[in-house]
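Peer 1: Top line first, the protein sequences correspond to chains A and B. Offset between the first sequence (1-based) and the working numbering: plus 35. Offset between the second sequence (1-based) and the working numbering: plus 35. Glycine included, C-beta positions come from ideal geometry on N, C-alpha and C. These figures come from a predicted structure and were not determined experimentally.
2 protein chains.
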Amino acid sequence: MEELINKIKGSITLSAEAEEHISSISKVKAISKGELLIGHGQMVKNTYFVIDGCLRSYGIDKNDKEHTLQFAIKGWWISDFIAVYTNEPATLNVEAIKDSYIIAFNTKDLDEIHSLFPEFEVFQRKNLERHVVSLHKRIMNQLKLTAHERYNVFLKQYPEIEQFTPNYHIASYLGITQESLSRIRAEQLNK
Amino acid sequence: MEELINKIKGSITLSAEAEEHISSISKVKAISKGELLIGHGQMVKNTYFVIDGCLRSYGIDKNDKEHTLQFAIKGWWISDFIAVYTNEPATLNVEAIKDSYIIAFNTKDLDEIHSLFPEFEVFQRKNLERHVVSLHKRIMNQLKLTAHERYNVFLKQYPEIEQFTPNYHIASYLGITQESLSRIRAEQLNK
DNA sequence: CGCGACGTTGATTTGCCTCAACGATTGTGG
DNA sequence: CCACAATCGTTGAGGCAAATCAACGTCGCG
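1) Answer yes or no: does any C-beta atom of chain A fall closer than 8 Å to that of arginine 185 of chain B?
2) Could you confirm whether any beta carbon from chain A is found closer than 8 Å to the beta carbon of aspartate 99 of chain B?
3) What residue range is occupied by the uninterrupted alpha helix (DSSP H) comprising isoleucine 205 of chain B?
4) Just the Cα atoms here: how many angstroms apart are histidine 204 of chain A and glutamate 222 of chain B?
5) Excluding the 5 residues preceding and the 5 following glycine 76 of chain B in the sequence, name in chain order all residues of the same chain whose CB lies nearer than 8 Å to its CB.
6) Measure the alpha-carbon distance for leucine 95 of chain A versus arginine 173 of chain B and round it to whole angstroms.
7) Does the distance from the C-beta atom of lysine 133 of chain B to that of cysteine 89 of chain B stay below 8 Å?
8) Whose CA, out of A/Leu39, A/Glu197, A/Ala139, A/Leu216, lies closest to the CA of serine 114 of chain A?
9) Taking the alpha carbon of asparagine 122 of chain B as the reference point, which residue from B/Asn81, B/Ser92, B/Arg160, B/Glu197 has its own alpha carbon closest?
10) Tell me the start and end of each unbroken beta strand (DSSP E) in the region 60-103 of chain A that is at least 3 residues and wholly inside, in chain order.
11) Can you list, in chain order, the residues of the region 105-130 of chain A whose Cβ is nearer than 7 Å to any Cβ on chain B?
12) Would you mind telling me which residues of chain A sit closer than 9 Å to proline 201 of chain B, beta carbon to beta carbon, in chain order?
13) Give me the subset of the region 72-88 of chain A whose CB atoms are less than 8 Å from a CB atom of chain B, sorted by chain position.
14) May I have a chain-ordered list of the alpha helix (DSSP H) segments no shorter than 4 residues that lie completely inside the region 125-179 of chain B?
15) With 8 Å set as the bound, which would you pick, yes or no: does the beta-carbon of valine 157 of chain A sit closer than that to a beta-carbon of chain B?
16) Mind the definition here: the region 96-113 of chain A touches the region 193-211 of chain A only if three or more C-beta pairs lie below 8 Å; say whether that holds.
17) Run through the DSSP bridge pairs and tell me what isoleucine 113 of chain A is partnered with.
18) Might you give, ordered along the chain, the residues of its own chain that have their beta carbon closer than 8 Å to the beta carbon of glutamate 197 of chain B, omitting 5 neighbours on each side?
19) Is phenylalanine 84 of chain B a contact residue of the ligand NAD, with contact defined as CB to any heavy atom under 7 Å?
20) Please classify isoleucine 57 of chain B: does DSSP put it in a helix, a strand, or coil?
21) Can you tell me where the alpha helix (DSSP H) holding glutamate 214 of chain B begins and where it ends?
22) With distances taken between CB atoms, is the gap from glutamine 159 of chain B to histidine 166 of chain B smaller than 8 Å?
23) Classify phenylalanine 84 of chain A: buried if its beta carbon has 16 or more other beta carbons within 10 angstroms, exposed otherwise.
24) Mind listing the chain B neighbours of isoleucine 174 of chain A? Cutoff is C-beta to C-beta under 8 Å, in chain order.
25) Can you have a look at glutamate 184 of chain B and say buried or exposed, based on whether 16 or more other CB atoms are within 10 angstroms of its CB?
26) Can you list the residues of chain A that valine 167 of chain B reaches, using a CB-CB cut of under 8 Å?
27) So is aspartate 146 of chain B in contact with chain A if we call contact Cβ pairs under 8 Å?
28) Should arginine 160 of chain A be flagged as near chain B, meaning a C-beta pair shorter than 8 Å?
29) Using the Cα positions of leucine 163 of chain B and serine 58 of chain B, report the straight-line distance between them to the nearest angstrom.
Okay, structure coming up:
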């Protein structure tokens, strides 16, 4: 909870009223590994802030293969943002990949915060800017780099995630198969 | 120019003062095919709004191959957003791929607009939200679909762009080579 | 213990890349 | 106005990175 307030204060200066308001509607919730917070086809009400633990969002292709769009650890936001920002049913799933603590914000509450506290509008814009930066970088990496190089970038960028995430989730984020990632790791060791 | 004002009004209601202010700093500029607006390594001052024509942003890998990150046609914004939002030197290039009309906004002017007109903050947030949606969709397509399927999605999504864009630019956007795209197109015709 | 989840390894296939050559079209200078 | 070069798309032959399919070892847990 302080986690969230500190995060916001890292980007903007937060008025006492805004802090009070946000605290009042924030309820930390414990969820356990494997729990599905958003399922394909549902209308999406919530965006989640991760206090601790790890979630991921992923889609499923026509051969039933999963593809991870995003991981979210402590201090990150996650949802099916496609669904949230377009008001369409979810095309993604969001699940906890370990026991976690989160705060759920429904879209109405967030809209209210935006209209009550213009400062929050700035916070949100900066978040979105950072988000765009990371997505642009990811797309460029996907276009420019080999699977092996992408894996190394991933390790450098998210060393924590590698620790407790099964390999096939990382593979599905990198756009390769579990087997290929295993071979990449083997190759890495023989050096 | 009206192009821009109408675009803004499509998202938010714009006060007369804000409209006046924005108009006063907007200068439409003609640029010709091949012109480079942003070059790798430079500090990036501007974000461009396209009145007419087409630009693209792209990066170059260690084998000197180009990879297109974004196309921008009438009504779109383009820049090296990684550089703009992080204040780092450009990692991308931005060039006109046909004769175009644009408005250049430097970052200071945009910041000023944001602080003077809170309504613009909302506009910017909605733009960023749409941007995030399109990036998420693109990443999911890259993970889920074959090159052939991605090409069809591209055609459906940007029919105008296909008309005047050389094939190798489209290929570099899709993450395949010019030759592969040519074969995909040939296959498409034999059906 | 025995089962399921996870990672690894091997054999084979495949989608796309690379390299190379070749028309078609467009543009340019003599 | 033609000759020539440059640009762009196509096609073929061969190669490679990663996918697929399958089997197996290990670990942790009900």
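Peer 2: Considering the structure as presented:
1) Counting from one through the second sequence, the residue named residue 185 of chain B turns up at place 150. With 8 Å as the cut-off, arginine 185 of chain B does not count as an interface residue toward chain A.
2) Here residue 99 of chain B corresponds to residue number 64 of the second sequence, with the count starting at 1. Interface flag for aspartate 99 of chain B against chain A is unset, since no Cβ pair is found closer than 8 Å.
3) Residue numbering aside, residue 205 of chain B sits at position 170 when the second sequence is read from its first letter. According to the DSSP assignment, isoleucine 205 of chain B belongs to the alpha helix (DSSP H) that extends over 202-209.
4) Taking the first residue of the first sequence as 1, we reach residue 204 of chain A at position 169. Taking the first residue of the second sequence as 1, we reach residue 222 of chain B at position 187. Using only the alpha carbons, I get a separation of about 34 Å.
5) Position 41 of the second sequence holds residue 76 of chain B. Take glycine 76 of chain B, set aside five residues on each side of it, and the residues of its chain with a beta-carbon closer than 8 Å to its own are Pro124, Ala125, in chain order.
6) In the first sequence, counting from the first residue as 1, residue 95 of chain A sits at position 60. In the second sequence, counting from the first residue as 1, residue 173 of chain B sits at position 138. At residue 95 of chain A the sequence reads isoleucine, which differs from the leucine that was named. Going by the C-alpha atoms only, they are around 15 Å apart.
7) Residue mapping note: residue 133 of chain B aligns to position 98 of the second sequence, counting from 1. Residue mapping note: residue 89 of chain B aligns to position 54 of the second sequence, counting from 1. The answer is yes: Cβ separation under 8 Å.
8) For the purposes of this step, residue 114 of chain A is identified with residue 79 of the first sequence, where counting begins at 1. Of the candidates A/Leu39, A/Glu197, A/Ala139, A/Leu216, the one whose C-alpha sits nearest the C-alpha of serine 114 of chain A is A/Ala139.
9) As a first step, residue 122 of chain B must be located in the second sequence, where it is residue number 87. Nearest option by C-alpha distance: B/Asn81.
10) Counting only runs of 3 or more, we get 63-66, 71-73, 81-87, 89-95.
11) With the criterion set as a beta carbon lying under 7 Å from some beta carbon of chain B, the members of the region 105-130 of chain A are Phe116, Ile117, Tyr120, Thr121, in sequence order.
12) As a first step, residue 201 of chain B must be located in the second sequence, where it is residue number 166. In chain order: nothing, as chain A lies at least about 17 Å away.
13) So nothing in the stretch comes that close.
14) Listed in chain order, the alpha helix (DSSP H) elements of length 4 or more contained wholly in the region 125-179 of chain B are 142-151, 153-179.
15) In the first sequence, counting from the first residue as 1, residue 157 of chain A sits at position 122. Interface residue, yes.
16) Yes, they touch.
17) In the first sequence, counting from the first residue as 1, residue 113 of chain A sits at position 78. Answer by DSSP bridge pairing, in chain order: A/Tyr83.
18) Your numbering for residue 197 of chain B matches position 162 in the second sequence. Here the set comprises Phe189, Leu190, Ile205.
19) Ligands are entirely absent from the displayed structure, and the ligand NAD is therefore not among its contents.
20) As a working mapping, residue 57 of chain B is identified with position 22 in the second sequence. In the three-state scheme derived from DSSP, where H, G and I count as helix and E and B as strand, isoleucine 57 of chain B is classed as helix.
21) Reading the second sequence from its first residue, position 179 is the one you call residue 214 of chain B. Taken as a continuous stretch (DSSP letters only), the alpha helix (DSSP H) holding glutamate 214 of chain B covers 213-224.
22) Translated into positions along the second sequence, residue 159 of chain B becomes position 124. Translated into positions along the second sequence, residue 166 of chain B becomes position 131. Result no, Cβ atoms of glutamine 159 of chain B and histidine 166 of chain B do not sit closer than 8 Å.
23) The sequence position of residue 84 of chain A within the first sequence is 49, counting from 1. The Cβ neighbour count for phenylalanine 84 of chain A, taken over all protein chains shown within 10 Å, is at least 16; the residue is labelled buried.
24) Counted from its first residue, the first sequence places residue 174 of chain A at position 139. Going along chain B in sequence order, the residues near isoleucine 174 of chain A (Cβ under 8 Å) are Leu104, Leu170, Arg173, Ile174, Gln177.
25) On the second sequence, position 149 is the one that residue 184 of chain B refers to. When all chains shown are included, glutamate 184 of chain B counts as exposed.
26) Walking along the second sequence from the start, residue 167 of chain B turns up at place 132. Here the neighbours are Phe116, Tyr120, Leu163, His166, Val167, Leu170.
27) Here residue 146 of chain B refers to the residue found at position 111 when the second sequence is read from its first residue. No - not a single Cβ of chain A is within 8 Å of the one on aspartate 146 of chain B.
28) The residue given as residue 160 of chain A occupies position 125 in the first sequence. For arginine 160 of chain A, the answer is yes, since a Cβ of chain B falls inside 8 Å of its Cβ.
29) The residue given as residue 163 of chain B occupies position 128 in the second sequence. The residue given as residue 58 of chain B occupies position 23 in the second sequence. Roughly 22 Å between the two C-alpha positions.
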